[in-house]
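Chains A and B, in that order, are what the protein sequence lines are. So the first sequence is residues 5 to 491, counted in the working numbering. So the second sequence is residues 5 to 491, counted in the working numbering. Every residue, glycine too, gets a C-beta built ideally from N, C-alpha and C.
Protein chains: 2
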Amino acid sequence: MAEASTSRPLAASSVPRWDLEHEVVVVGHGVAGGAAAIEAARAGADVVVLERMTRGGGATALSTGITYFGGGTEIQTACGFRDSPEDMHAYLRLAAGEQADPERVRLYCEGSLEHFRWFRELGVEFNPTFLDDKVTHPFGTECLTFSGNEDAWPERELARPVPRGHKPAREGEAGGYLMEAVLRGTAESGARVVNECRALRLVQAADGRVVGVVARRERERIAVKARRAVVLATGGFIMNREMVAKHAPHLLQCNYRVGTPGDDGSGIRMGMGAGGDAINMGEGLVLNAYYPPSSHLKGVLVDRNGQRFVNEDAYLGRTSDAILRKADGRAFLVVDDELYGQTQAFHKLAAVEESFEALEKALAIPAGALVRTLEVYNESAARGEDPLFHKAPRYLRPLSAPPFAALDCSTSNSIFGVFTLGGLSVRATGEVLGPDGDPVPGLYAAGRCTAGLPREGRSYASGLSIGDASFFGRLAGRRAAQLAPWD
Amino acid sequence: MAEASTSRPLAASSVPRWDLEHEVVVVGHGVAGGAAAIEAARAGADVVVLERMTRGGGATALSTGITYFGGGTEIQTACGFRDSPEDMHAYLRLAAGEQADPERVRLYCEGSLEHFRWFRELGVEFNPTFLDDKVTHPFGTECLTFSGNEDAWPERELARPVPRGHKPAREGEAGGYLMEAVLRGTAESGARVVNECRALRLVQAADGRVVGVVARRERERIAVKARRAVVLATGGFIMNREMVAKHAPHLLQCNYRVGTPGDDGSGIRMGMGAGGDAINMGEGLVLNAYYPPSSHLKGVLVDRNGQRFVNEDAYLGRTSDAILRKADGRAFLVVDDELYGQTQAFHKLAAVEESFEALEKALAIPAGALVRTLEVYNESAARGEDPLFHKAPRYLRPLSAPPFAALDCSTSNSIFGVFTLGGLSVRATGEVLGPDGDPVPGLYAAGRCTAGLPREGRSYASGLSIGDASFFGRLAGRRAAQLAPWD
């Protein structure tokens, strides 16, 4: 029987005995927890990692493994792209969202080359190859991709477009490969790993300092003392329907929750119970992938009134957000016979017709509305222009090869992936902050249980969460190792 | 010097002496606090109300005073409208938003007639007159109005349209008049009122029970013991820019914050510090009033691409939300010479031209886009139809009397009022709940410091906040008075 975690911390005075004692206790062994453990151990601390699953990995192990690096990595240079921390910063401040933490953005860009080396030194390989295609899950071993809105409007006019998504050199989903290296790194750092050990609540001293964790290890309840600090790296809350309803109800429309069962918000709630603030809780990344094939980006995305509402070639975090917010969850991608291909998300065909008129009728769009939209689109696409939404010229071409098909991109009829981007309020260096902005002593956090680097789905780029979690997990681990012991 | 409040509760053991002692301590003397105090006192409790301003009133005193009542009030009946708790419920579950608390909606509808009588017995007068016009701030003494989306699409097809906004019988803004009655009611109930007394932090016993408040009364810091309970009725957080940035960043676009200086979130933060959860924090009501004159509802609202995106006759909470979310904050209301009038919010004219073509050019809308939209609108309006957004026939008429004017409804160029709809997680009966759903013992809350009845701006109706705050303030007061004393 799983025992539920509780947000209410246990008073240290109520702990009968400490079953384990370490300097730094890391909760969760995904990429954030692994990075924190490695750095804390390398800084000389005695570290334990508590992982609730049988083995670490977290959501990263389920992902493509694409990680956001830049500033001029060897891979970027080998592929012929010039990048600099300044160019990266110009883009990343947009990608991180309007409520980005400028300190985080700055540190991430300044430290990106070192961060890339850190992964390579852990043994993660990257090939010096560029994948010149819009894909969401690259199957091959090519490394570099435009993984966000770098080359889409309006970002392409505001920051020099450079690809920064780096996929490890493995076919298919490479997140497991990347996490193997991190788990190996944790082991080699000397940190102790306790699997099948689920944190249930924090332990707090009378002065408010977090001094340990109560956990369930297999059938046994244990108290784990943290002489210096606890680092929460427990993931987001997309698997907790009640929390999503409370904090990000619009995400309930999405039918495919991206994460592990551990992404139940337990760390966020434990942190809140100890006095931490949870912020940015309404934001998430929403993913409806109507490409590949990238020919679909030459299609026309319309709402139920046949109106366009976004540049179709934007990163899918933006187009999917627009389907939810601007089109009220109901949208169709119109393609012609030459553009059509099966998507990896198996979009259903809402209609296939020989003319725009027939398609409009089949989709029950008000008479004339879709026809006008497509005629106008075709006219300007023929000139290589998109005055309404500024789709890039490479994706502009009139729809002219019947039959015309409408892929159903509605929330009710297609796959909408989703994960959360809100969590504990945390300094870039990992200290968990309360509603008044004061740190909760002894408590650190990183990864998706925090409001981290990426704050908005509509500006997101693939690789930012793994990048954020590992980069700021490392900082949190280093800082936690330096905190003066409390006893 | 104002002393800042802090979310961290003070341990009861650290209180040197209690300066005041009462059974129920109500924090804030707006409509929620007044209602709570009156009911707690009537239930026999010894009550004190702490008000930070020189006098009570809260945001309600600054408002029109329109309150949402239904189910067949004498006013509705006198004006020839049939209503029932069931009809009211059918509408209110929509108006409360997708994440509405069904228990709250049910109680509110079942209790609405009694709730209306309660206000009349306090001395608030309402005239048996119906104002058959779309207005946001009725100037006269007419009472009844369609104050939300009751008669707009799609609600009008889902619930029988009945007006339920009740304005007290005073010219101009009647909220002050309504609050005078509530303040008088508080005084007559026997509750003690301490003005210029600002709550700074809660006092919590070792077992977690909230047992008092530390406050600053003029220059003096005092400890106020709550033998039974504390009721937070401190208002929302729209005046706290930092909190808005953390929890509802999109509301920062709005330039006119609706509330009093007290709406700084202090009660929400104090409640969080004592273990309460804050939910629905990303939601707010946004108000860009391009009417009256109601002739403007016959205009056409377009985005920067000349596309329509909402039925113009919806409640302004919905149209304004659509300007933000669907039009990215940039929109124009196009009217012709016969429809044009000065709005009360003094919208600027972005352009006035003799033809649609010239207007499109003046607004820098891509060539042909606005012209097409207006031509299509005119064609269907001439038939009394709006196939795209289902505006009501009474507001459908072709734009045909040049010159044509575009009122600038952009966030950067017009007034966007805003207040918050998120706050403490609270049972309908007032108990503040923690992240795990357990009540924080001794702590109650009502009004805009809670996530209450209305959860979404885009479904909102005028009168719901005063209605919510007073109705559930009363419940919280009654419940607080019943809690067993702790010492």
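Nearest-angstrom Cα separation, counted from residue j out to residue i
i: Gly-115 (chain B); j: Phe-130 (chain B); result: 18 Å
i: Thr-377 (chain A); j: Phe-85 (chain B); result: 43 Å
i: Arg-160 (chain A); j: Leu-111 (chain A); result: 23 Å
i: Arg-59 (chain A); j: Gly-456 (chain A); result: 25 Å
i: Arg-220 (chain B); j: Cys-201 (chain B); result: 5 Å
i: Leu-425 (chain B); j: Ile-42 (chain B); result: 24 Å
i: Glu-102 (chain B); j: Asp-390 (chain B); result: 26 Å
i: Phe-150 (chain A); j: Ser-151 (chain B); result: 49 Å
i: Arg-56 (chain B); j: Ala-249 (chain B); result: 25 Å
i: Val-290 (chain B); j: Asp-325 (chain B); result: 6 Å
i: Gln-486 (chain A); j: Tyr-95 (chain A); result: 33 Å
i: Asn-153 (chain A); j: Asn-417 (chain A); result: 26 Å
i: Lys-352 (chain A); j: Val-338 (chain A); result: 12 Å
i: Met-276 (chain B); j: Val-444 (chain B); result: 10 Å
i: Ala-178 (chain A); j: Glu-224 (chain A); result: 35 Å
i: Pro-13 (chain B); j: Gly-240 (chain B); result: 20 Å
i: Ala-349 (chain A); j: Ile-419 (chain A); result: 6 Å
Range covered by the beta strand (DSSP E) that runs through residue i
i: Leu-206 (chain A); result: 201-208
i: Ala-354 (chain A); result: 353-357
i: Asp-412 (chain A); result: 408-412
i: Val-28 (chain B); result: 24-31
First and last residue of the uninterrupted alpha helix (DSSP H) at residue i
i: Glu-154 (chain A); result: Unbroken run through Glu-154 (chain A): none, as it is neither H nor E.
i: Arg-121 (chain B); result: 116-125
i: Gly-345 (chain A); result: Unbroken run through Gly-345 (chain A): none, as it is neither H nor E.
i: Leu-305 (chain B); result: Run containing Leu-305 (chain B): none in the alpha helix (DSSP H); it sits in the beta strand (DSSP E), 304-307.
i: Arg-97 (chain A); result: 89-99
i: His-251 (chain A); result: 245-251
i: Lys-365 (chain B); result: 360-366
Buried or exposed by the 16-neighbour rule on C-beta atoms within 10 Å, applied to residue i
i: Leu-162 (chain B); result: exposed
i: Glu-287 (chain A); result: buried
i: Arg-459 (chain A); result: buried
i: Gly-48 (chain A); result: exposed
i: Thr-81 (chain A); result: exposed
i: Met-5 (chain A); result: Note on Met-5 (chain A): pLDDT 40, under 50, position unreliable in the model; the coordinate value appears next. Classification of Met-5 (chain A): exposed, given that the 10 Å Cβ count is below 16.
i: Arg-398 (chain B); result: exposed
i: Asp-491 (chain A); result: exposed
i: Ser-67 (chain A); result: buried
i: Pro-265 (chain B); result: exposed
i: Ser-384 (chain B); result: buried
i: Gly-461 (chain A); result: buried
i: Ala-473 (chain B); result: buried
i: Glu-364 (chain A); result: buried
Residue i vs residue j beta-carbon contact at 8 Å
i: Ser-469 (chain A); j: Arg-452 (chain A); result: yes
i: Tyr-294 (chain B); j: Lys-138 (chain B); result: no
i: Val-217 (chain B); j: Leu-54 (chain B); result: yes
i: Ala-492 (chain B); j: Tyr-448 (chain B); result: Because chain B here runs from 5 to 491, residue 492 (chain B) falls outside it and cannot be looked at.
i: Val-52 (chain B); j: Val-198 (chain B); result: yes
i: Asn-315 (chain B); j: Trp-157 (chain B); result: yes
i: Ala-44 (chain B); j: Arg-482 (chain B); result: yes
i: Leu-204 (chain B); j: Ser-9 (chain B); result: yes
i: Val-304 (chain A); j: Tyr-181 (chain A); result: no
i: Val-235 (chain B); j: Val-430 (chain B); result: no
i: Glu-357 (chain B); j: Ala-371 (chain B); result: no
i: Leu-509 (chain B); j: Lys-302 (chain B); result: Coverage of chain B is limited to positions 5 through 491, which leaves residue 509 (chain B) absent and any answer about it impossible.
i: Gly-74 (chain A); j: Arg-168 (chain A); result: yes
i: Gly-446 (chain B); j: Ala-230 (chain B); result: yes
i: Met-274 (chain B); j: His-251 (chain B); result: no
i: Val-207 (chain A); j: Val-19 (chain A); result: yes
CB-CB length for residue i against residue j, believed under 8 Å
i: Gly-434 (chain A); j: Ala-480 (chain A); result: 3 Å
i: Leu-374 (chain A); j: Gly-310 (chain A); result: 3 Å
i: Leu-126 (chain A); j: Val-35 (chain A); result: Not a contact, Cβ separation roughly 11 Å.
i: Ala-432 (chain B); j: Glu-107 (chain B); result: 5 Å
i: Gly-467 (chain B); j: Thr-71 (chain B); result: 5 Å
Check: residue i C-beta below 7 Å from any heavy atom of the ligand MN
i: Arg-334 (chain A); result: The ligand MN is absent from the structure shown, which contains no ligands of any kind.
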